[in-house]
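Participant: Shown below is the structure under consideration.
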Amino acid sequence: MATSPSDLNTWPSQSPLSRRSFLTASLAAGGGILFAATFPSLRDLAMAAGSDAGMVTLFARISPSGVVTIFAPNPEVGQGTKTALPMIFAEELDVAWKDVVIEMADYQGGKMGGQSSGGSYSTPSNWMPLRKAGAAGRQMLISAAAAKWGVPASECSTSDGVVSHVASRRSLTYGLLAEDASRLPQPDLEKVKLKDESTFKIIGKSVIDPDKARIVKGEQQFGIDVKVPGMKYAVYQKGPVFDAAVKSANLDEIKAMPGVSHVFVLKGSPRVMEVPPGTPGLGIDDGLRGGVAIVADTWWHAQKARRKLQVDWDEGPHADDSTAGFDAKAKELFSQPPQGQVRVDGDPDGALKEAAKLVHATYSYPFISHAPMEPQNCVASYQDGKVEIWAPTQNPGPGRAGVAKLLDIDPNNITIHMIRCGGGFGRRLANDYMIEAAAISKEINGPIKVLWAREDEMQHDFYRPGGYHNLTAGLSKEGRLEVWDNHFVGFARNEYFAGLAVPNRDSFPAGFIKNYALRTSRIPFNIPVGPLRAPGDNAHAWVFQSFLDEVAHATGRDPIDFQLGLLRDPNPGEGDGKPPGRFGPGFMTARMIAVIERVRENSNWTSRRNLPAHTGMGFACYWSHVGYVAQIHQVAVTADGTVTPQTIWVAVDVGKHIVNPTNAEHQIIGSIVDGMSAAFGQKITFENGRVQQSNYDNYNLLRNRKIPPMHIDFIKTDFPPTGLGEPAYPSALPALCNAIFAASGRRVRKLPLSTSMLKI
Amino acid sequence: MSYTIEVNGVKNDVDAEGDTPLLWVLRDILNMTGTKFGCGIGQCGACTVHANGSAVRSCQLPLEAAVNMRITTIEGIGETAIGKKVQERWLTLDVPQCGYCQGGQIMSATALLTRTPRPKDEDIDAGMAGNICRCGCYSRIRAAIKQLGEAQNT
């Protein structure tokens, strides 16, 4: 259960633009010491995620008995942040992990920063702040002991929550020192002495999230499990076409059904879909969609009543949207000059004319849905202008702002408890379920649980947008890649592309080729889109790494040698004069080369010619969310087109430390399975403005039998650790598809791949 | 309508319509929320329970059909020797990520190991095909089942 100790609620709010970092300590309620560490969060300042630009702040309490309670700031969606962040703090505080209790903090309205989990950002943005905070706490406890004993602090040492003075053979536990320490002046966080990293005892050792002992017994609470006294249950029927409005419905008939207490129409707010570049936030509109709410004594009563619901919808102007129409529009746009350009280096058009050999291909990928296992849900309790919310959200700040706006109440009158999420993958960065629950709770003036059916989930997502790439590469007589020309056709609202739909101007291989063009055209659409694990990269890496493989084969070179050649080229061209030009800020070519060479070695790539017939290896690499990943997949393809993954090798560089190895491996494997799942079966298609998929019977997620053994190798380099929720996803799809090509000679240029496409 | 159903060895009187899926009886009436809702059409396996020892999808089992069955849920499976071992191995190997589907995975794995004490890869493929893990914990699920199967040999 989420906890909201009164200590947390009385902490003063900090100015979001303050650059100061500090640790404050005070006497905790019930004795002991309460730490609060406050840092400017670059991420929050940069992203200003829609509302709570602010500070990363950590709260921790040491009780007189020595129990260290750390309030995990960021929501747990299965990515392990609830464990990893406290591990970093506990390491520098120098306490025994067995004495640490982790509690999920409630949303603190900005006092703990955005408290959002996404972008593989929890580890890198908290690494140094949490180390400094822990070290400062340790320093205060040492000072308290030194003062008590009348010895210099420099003669004291710590271990496992105990301060010792060896010369006089005295020692005291942190618990007993906590009260004294709480009265001491606060150390300057910029000057605290950090541990020698080679002495780490917690960081780098696998720690199993304590929630998991409850999970295996069915005792862990997820959002869907929350129950509050007097709570009713609701389903909320939204339109068959996005943003359809209710004209009329058989409300009286539904209200007469068993167990049903309320039936009413809610009017939607206009959806904001135009996202001009530079707009803060994620391009997700957290407004209320129009629909019919059915409130009942149990969820099943509400759901059963819904079957009889008849609604006459005003479907609006977008009921004509269809995948077939989008495909036709893309084809039409490819036959015309591009409408815009993202990047042009050198003279791509001239170079194409002069090329000795051209390679041409068109790649396309569909919209896909997040499909987390736990359907969207939220418990809200509205009373007298105040709302208490229990939500499985990845991103509580914008939810609170949305509820405040919709109900026209002060955000300070909204309490959000963040409950463990049954998967996120970016879906829970949106808070539409929270908005619905708050609106329905206000209407019935009582507590409500809104729970979406799987069909609601599949048909009212913020989808990963589809896209089309028309690629031409020009080679010199010697087989050098002289020019790369990409006409990208993507989805846009008026003049603005969907967020993260367009490849980044620096995406590989941009900057590594003398003549390069990324030009664009737009397909108008009305489908809500949002971030999905490794946004942008999750599609673009497949296109670029697949086409590079095609180009390598056209030159007759080994695909790995070919890519290494590009990366090592000392003089790839002039760029377009705008920094940074290659992959993105902070990209280091040497780190990428190292993971490529490692995976090549581990997989015995150079002996792949000895593999049996219809078996092949495929390679891909990508730099995503500042993590370096290279992977090689080995697959077999039978004559009927069945693809059997056999083995996967992956090499990863996310810096000097793997904070929690068991979870790091989980994130790598999970990302690769996720990418493979997208390649094998995921697609959302549209007809008459309607999503054609509805549930797991027609939206295919990978099941156990397709998962091959994976060999993961972490390369430790001398850089601060970065996140792992996303980096391994993007290269999984092209490595798989390149392996399919090696095994079958069939190039996958349209996702998801189909068996019929691969029949030999 | 009132029905009596036996869950984890305890008889419960339930006042609900006979067509209410067992899933919702467990979750919303008996307050046993370890059994999870995922799809409602028997495709994902998150709601897996045992009925007379066999793995079934509780979203597809109406209350009136469950009356004469012995129902075991994730909250009660630890009372069986195999279920307890599965739960323990799941924790030792840190199998879950988000954890939402894991109750169902454990119920299916326990049924598989009860039926086939030393499952081969093909047995695991078949026995676990009905359970989706969106986080992709499949490798560790397989490893846990295999280790438990191998332990049968000693």
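Line by line, the protein sequences are chains F and C.
Everything in the first sequence is counted per the numbering used here, starting at -9 for the first residue and increasing by one.
Everything in the second sequence is counted per the numbering used here, starting at 66 for the first residue and increasing by one.
Note that beta-carbon positions come from the ideal geometry of N, C-alpha and C, so glycine has one too.
Pick helix, strand or coil for F:LYS185, following the three-state DSSP scheme.
Facilitator: DSSP places F:LYS185 outside both helix and strand once states are collapsed to three, so it counts as coil.
Participant: Can you give the Cα-Cα distance for F:THR163 and F:ALA80, rounded to whole angstroms?
Facilitator: 15 Å
Participant: Along the alpha helix (DSSP H) that carries F:ASP201, what are the first and last residues, could you check?
Facilitator: First-last of the alpha helix (DSSP H) with F:ASP201: 201 to 205.
Participant: Whose Cβ in chain F lies nearer than 7 Å to the Cβ of C:TYR68?
Facilitator: By Cβ distance, chain F contributes nothing, its closest Cβ being about 14 Å from C:TYR68, past 7 Å.
Participant: Mind checking F:GLU540: buried by the 16 CB within 10 Å criterion, or exposed?
Facilitator: buried
Participant: Ignore the nearest five residues each way along the sequence and tell me which others in F:LYS509's own chain have a CB closer than 6 Å to its CB.
Facilitator: Residue identity check: residue 509 of chain F is Arg in the sequence provided, not Lys. Only PRO328, GLN331 and HIS477 meet the Cβ criterion.
Participant: For chain F, find out if any of its Cβ atoms is closer than 9 Å to the Cβ of C:ASP78; answer yes or no.
Facilitator: no
Participant: So, helix, strand or coil for C:CYS200, using DSSP?
Facilitator: coil
Participant: Any C-beta of chain F sitting closer than 9 Å to the C-beta of C:VAL75?
Facilitator: False, the Cβ-Cβ gap to chain F never drops below 9 Å.
Participant: Is the beta carbon of C:GLN170 sitting closer than 9 Å to the one on C:ILE136?
Facilitator: no
Participant: What does C:GLN162 touch in chain F if you count any residue whose Cβ is under 7 Å from its own?
Facilitator: GLY68, HIS656 and GLY660
Participant: Comparing the C-beta of C:THR145 with each C-beta of chain F, is any distance below 9 Å?
Facilitator: Closer than 9 Å: no.
Participant: Taking 8 Å as the cut-off, does the stretch 590 to 609 of chain F touch the stretch 732 to 745 of chain F (at least 3 CB pairs, one atom from each stretch)?
Facilitator: Per the Cβ contact rule, the stretch 732 to 745 of chain F is in contact with the stretch 590 to 609 of chain F (3 or more Cβ pairs under 8 Å).
Participant: Residues of the stretch 106 to 128 of chain C with a CB closer than 8 Å to any CB of chain F: list them in chain order, please.
Facilitator: ILE106, GLN108, CYS109 and ALA111
Participant: Is C:ASN133 buried or exposed, if buried means 16 or more other CB atoms sit within 10 Å of its CB?
Facilitator: exposed
Participant: So, helix, strand or coil for F:GLN621, using DSSP?
Facilitator: It is a strand residue.
Participant: From the beta carbon of F:GLY413, is the nearest beta carbon of chain C less than 9 Å away?
Facilitator: yes
Participant: Tell me the start and end of each unbroken alpha helix (DSSP H) in the stretch 568 to 645 of chain F that is at least 4 residues and wholly inside, in chain order.
Facilitator: 579 to 593
Participant: Using the three-state DSSP reduction, which class does C:CYS112 fall into: helix, strand or coil?
Facilitator: coil
Participant: Taking the alpha carbon of F:ALA429 as the point to measure from, which residue in F:GLU447, F:GLY389 and F:CYS411 has its own alpha carbon closest?
Facilitator: F:GLY389
Participant: Out of curiosity, what's the CA-to-CA distance linking F:SER777 and F:LEU278?
Facilitator: Outside the displayed range of chain F (-9 to 750) lies residue 777 of chain F, so it cannot be described from this structure.
Participant: On the three-state DSSP scale, how would you describe F:SER536?
Facilitator: helix
Participant: Does the separation of the CB atoms of F:ASP253 and F:VAL285 fall below 9 Å?
Facilitator: Note on residue identity: the sequence assigns Val, not Asp, to residue 253 of chain F. A contact, by the Cβ cut-off of 9 Å.
Participant: How far does the alpha helix (DSSP H) with F:TRP289 in it reach, from first residue to last?
Facilitator: 289 to 296
Participant: Give the DSSP-derived three-state secondary structure of F:LEU557 in the structure shown.
Facilitator: Secondary structure of F:LEU557 (DSSP, three-state): helix.
Participant: Using a Cβ-Cβ cutoff of 8 Å, what residues of the stretch 208 to 221 of chain F are near chain C? List them in chain order.
Facilitator: Flagged, chain order: GLY208, GLU209, GLN210, GLN211, PHE212, ILE214, ASP215 and LYS217.
Participant: What residue ranges within the stretch 292 to 355 of chain F form continuous beta strand (DSSP E) runs of no fewer than 3 residues, ordered along the chain?
Facilitator: 301 to 304, 330 to 335 and 347 to 355
Participant: Cβ closer than 7 Å: which chain C residues qualify as neighbours of F:LEU691?
Facilitator: The contacting residues are ILE197 and ARG199.
Participant: Start and end of the alpha helix (DSSP H) containing F:ASN728?
Facilitator: Counted as a single uninterrupted DSSP element, the alpha helix (DSSP H) harbouring F:ASN728 occupies residues 719 to 734.
Participant: From F:PHE452, F:LEU723 and F:THR383, pick the residue whose C-alpha is nearest to that of F:SER536; which is it?
Facilitator: F:LEU723
Participant: Report yes or no: is there a C-beta of chain F within less than 9 Å of the C-beta of C:ALA81?
Facilitator: yes
Participant: Between the Cα of F:SER497 and those of F:VAL473, F:GLY526 and F:ILE193, spot the shortest distance and give me the residue it belongs to.
Facilitator: F:GLY526
Participant: Hey, could you find the ends of the beta strand (DSSP E) F:ARG173 is sitting in?
Facilitator: Per DSSP, F:ARG173 is not a residue of any beta strand (DSSP E), being assigned neither H nor E.
Participant: When we look at the beta-carbon of C:ALA111 and count the other beta-carbons within 10 Å, is it buried (16 or more) or exposed?
Facilitator: Buried, because 16 or more other Cβ atoms sit within 10 Å of the Cβ of C:ALA111.
Participant: Which residues, in order along the stretch 153 to 184 of chain C, keep a beta-carbon less than 7 Å from a beta-carbon of chain F?
Facilitator: TRP155, LEU156, ASP159, PRO161, GLN162, CYS163, GLY164, TYR165, CYS166, GLN167, GLY168 and ILE171
Participant: Along the chain, where does the alpha helix (DSSP H) that runs through C:LEU178 open and close?
Facilitator: 167 to 180
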